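Just so you know, the UniProt record's numbering puts 25 at position 25 of the sequence shown, and the rest follows in order with no gaps.
Positions of the beta carbon are idealized from the N, C-alpha and C atoms, including for glycine.
Note that the structure is predicted; figures quoted are calculated from it, not measured.
Right, one structure below, let's go through it.
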Amino acid sequence: MMRELLLLLLLLLKLLSLLLLLLLLLLLLLLLLLLLLLILLLLLLLLLLLLLLLLLLLLLLLLLLLLLLLLLLLLLLLLLLLLLLLLLLLLHYYY
């Protein structure tokens, strides 16, 4: 009777250890999943940051283009003014 009880206890202990091992494995898997999720989140954040940087660069380029256009317009206006002045001078000289 005592022997069977001891065997039963041993079996129970083995079952408990197996259960504990399974729980540990599950915990490890969960931790791994969490780590993977964190890595994915970090990658997403990096991608977002890169996109933002690209957008900023594009905006800067657009601003530069606008500035260049404005400068060109100013130059054209100056040229026109110079031409007008020349014309006025010529008119004044001949008449």
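Whose C-beta lies closer than 8 Å to the C-beta of residue i among residues of the same chain, with five residues either side of it excluded?
i, result
"L86", "none"
"L11", "none"
Report the rounded CA-to-CA distance for residue i versus residue j, giving the unit in angstroms.
i, j, result
"Y93", "L83", "15 Å"
"L57", "L36", "31 Å"
"L64", "L28", "54 Å"
"L33", "L25", "12 Å"
"L59", "L70", "16 Å"
"L9", "L23", "21 Å"
"L5", "L21", "24 Å"
"L19", "L46", "40 Å"
"L30", "L61", "46 Å"
"L38", "L48", "15 Å"
To which residues of the same chain is residue i closer than 7 Å at the C-beta, ignoring the five residues directly before and after it?
i, result
"H78", "Going by the sequence as given, residue 78 is Leu instead of His. Cβ within range, chain order: n/a, list empty."
Item to check | Ordered list of alpha helix (DSSP H) runs contained in the stretch 4 to 89, each at least 4 residues | outcome: Listed in chain order, there is nothing to give.
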